[in-house]
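Student: Quick one: the structure is below, and I'll ask about it shortly.
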Amino acid sequence: MGQTVDVIAIAADVAGTAHAGQVDKVGANYIEHPARVAEHVRQLFPDAPDAAIAVAWLHDVVEDTEVTFRDLIVWGFSLDIVTAVDAMTKRNGEPVEEYFSRVRANRLARMVKAADLKDNTDPVRVAKLDPATADRLRAKYAKAAELLALD
Numbered sequence: 055m056g057q058t059v060d061v062i063a064i065a066a067d068v069a070g071t072a073h074a075g076q077v078d079k080v081g082a083n084y085i086e087h088p089a090r091v092a093e094h095v096r097q098l099f100p101d102a103p104d105a106a107i108a109v110a111w112l113h114d115v116v117e118d119t120e121v122t123f124r125d126l127i128v129w130g131f132s133l134d135i136v137t138a139v140d141a142m143t144k145r146n147g148e149p150v151e152e153y154f155s156r157v158r159a160n161r162l163a164r165m166v167k168a169a170d171l172k173d174n175t176d177p178v179r180v181a182k183l184d185p186a187t188a189d190r191l192r193a194k195y196a197k198a199a200e201l202l203a204l205d
């Protein structure tokens with residue numbers, strides 16, 4: 055019998071290490087965001103493959119930490135996972151429409167982005183922001199949901 059690899063646990067560990075010391079806009083430990091996004095993927099897509107939940111944990115590591123796509127490959131993540139993380143990673147100067155076109159084209163990235171938007175628009179979390187930031191983010195995420203073609 056071969057050993058099974060728990061890709062979700064490995065992704066959570068990589069994200070926890072990569073995001074160590076980072077905080078979000080309200081000062082909470084940043085790793086709480088990918089943890090919530092992973093849970094939202096489970097709730098929104100009960101049949102989601104483990105790869106989608108792993109992508110949820112990893113979705114910000116290349117964009118917001120020193121982790122590279124090459125690191126993800128070397129650490130044994132599948133091409134499907136690395137490609138989805140790549141689809142979710144914003145490029146400098148990239149028009150938002152191009153970004154969302156790339157996300158929409160990747161099944162795993164689209165699921166994770168839907169979960170990411172759910173977390174980013176959580177009224178309880180948004181209420182902790184100053185009014186100007188909250189308003190700016192509400193508009194940003196409404197546009198994002200439209201571009202992602204979410205209902």
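If you're matching positions, the sequence shown starts at 55 in this note's numbering and goes up one per residue. The C-beta atom is built at its ideal place from N, Cα and C for all residues, glycine as well.
Whose C-alpha, out of A181, A203, D170, is nearest the C-alpha of R90?
Tutor: That would be D170, whose Cα lies nearest to the Cα of R90.
Student: Is the Cβ-Cβ distance between W111 and A82 less than 8 Å?
Tutor: No, these two residues do not count as a Cβ contact at 8 Å.
Student: Ignoring anything shorter than 4 residues, give me the alpha helix (DSSP H) runs that lie fully in the stretch 58-94, in order along the chain.
Tutor: Counting whole runs of 4 or more residues, the stretch 58-94 contains the alpha helix (DSSP H) stretches 61-72.
Student: Please report how far the alpha carbon of F131 lies from the alpha carbon of I107, in whole angstroms.
Tutor: Each residue's alpha carbon lies about 13 Å from the other.
Student: Given A203, which residues of its chain have a CB within under 8 Å of its CB, disregarding the five upstream and five downstream residues?
Tutor: Cβ neighbours of A203 beyond the five flanking positions: R158.
Student: Kindly give me the distance between the Cβ atoms of V109 and V139, rounded to whole angstroms, as I take these residues to be in contact under 8 Å.
Tutor: Their Cβ separation, rounded to whole angstroms, is 6 Å, which keeps V109 and V139 in contact under 8 Å.
Student: Taking its Cβ as the centre, do 16 or more other Cβ atoms sit within 10 Å of L162, making it buried, or is it exposed?
Tutor: Looking at its Cβ environment, which holds 16 or more other Cβ atoms inside 10 Å, L162 is buried.
Student: For the alpha helix (DSSP H) that R179 lies in, which residues bound it at each end?
Tutor: Segment 177-180, the alpha helix (DSSP H) holding R179.
Student: Taking the alpha-carbon positions, what's the K197 to R164 distance?
Tutor: For K197 and R164, the distance between alpha carbons rounds to 15 Å.
Student: Can you have a look at L126 and say buried or exposed, based on whether 16 or more other CB atoms are within 10 angstroms of its CB?
Tutor: Buried, by the Cβ-count rule.
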